[in-house]
Amino acid sequence: MKKNKKQLHEALAVLLTKLSSAMDNPLLMDNYVVKALRTVLLEYKESGELYDAYKEQIQSTMESDNPWIGMLMKSIGGDASVKESMTDEAIKGMVNSMLGE
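The numbering of the sequence shown is the numbering used here, which starts it at 1 and goes up by one.
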């Protein structure tokens, strides 16, 4: 994957997470920046880029050599059950939920 595409996907995943946090804060819901961010992310969702970005984020987290990630995976039942539950439909559901849809 091109470096620019990888950077875009990393940025989209971070922005999606930030939007989800901001949407949980009632004081920020009427904030123009939050509304603008959601509008931009919806455009990327329609093109498929947002889904690809979030899927890559999940895959790279699960394949990480980070010992903390390894401990977390073991504590929730191991790699196999988590990987099986990360279907395309589940990931799409997460993205939709984070966008407030």
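A virtual CB, placed ideally from N, CA and C, is assigned to each residue, including glycine.
Discussion item. Under 8 angstroms: do the segment 3 to 22 and the segment 52 to 67 share three or more Cβ pairs, one atom per stretch?
Written reply: yes
Worksheet item: What is the rounded straight-line gap between the Cα of LYS35 and the Cα of MET94?
Response: Within the sequence shown, the letter at position 35 stands for residue 35. Within the sequence shown, the letter at position 94 stands for residue 94. Taking the straight line from one Cα to the other gives about 19 angstroms.
Worksheet item: Excluding sequence positions up to five away, which residues of its chain have a Cβ less than 7 angstroms from the Cβ of SER20?
Response: Mapped onto the sequence shown, residue 20 falls at position 20. Once the five neighbours on either side are set aside, the close Cβ partners of SER20 are MET98.
Item to complete: Would you please verify whether the beta carbon of ASP88 is less than 7 angstroms from any beta carbon of chain D?
Response: The structure shown has no chain D; it contains just one protein chain.
Worksheet entry | Cβ-based neighbour list, LYS92, same chain, cut-off 7 angstroms, excluding 5 preceding and 5 following | Here residue 92 refers to the residue found at position 92 when the sequence shown is read from its first residue. TYR51, listed in sequence order.
Discussion item. Please report the distance separating the alpha-carbon of PRO67 from that of MET86.
Written reply: Locating residue 67 in the sequence shown gives position 67, where the first residue counts as 1. Locating residue 86 in the sequence shown gives position 86, where the first residue counts as 1. Cα to Cα, PRO67 sits roughly 21 angstroms from MET86.
Item to complete: Below 8 angstroms CB to CB, which residues in the same chain sit around TYR44 once its five sequence neighbours on both sides are set aside?
Response: Sequence index remark: in the sequence shown, residue 44 carries index 44 (1-based). Closer than 8 angstroms at Cβ, skipping near neighbours: LEU12, LEU50 and ALA53.
Item to complete: Taking only the alpha-carbon atoms, compute the straight-line gap between ASN41 and SER47 and give it to the nearest angstrom.
Response: For the purposes of this step, residue 41 is taken as residue 41 along the sequence shown, with counting starting at 1. For the purposes of this step, residue 47 is taken as residue 47 along the sequence shown, with counting starting at 1. Looking at the sequence itself, residue 41 is Leu, so the reference to Asn does not match. If you draw a straight line from the Cα of LEU41 to the Cα of SER47, it comes to about 10 angstroms.
Worksheet item: Helix, strand or coil for LEU42 per DSSP?
Response: In the sequence shown, residue 42 corresponds to position 42, counting from 1. Of the three classes helix, strand and coil, the one that applies to LEU42 here is helix, per DSSP.
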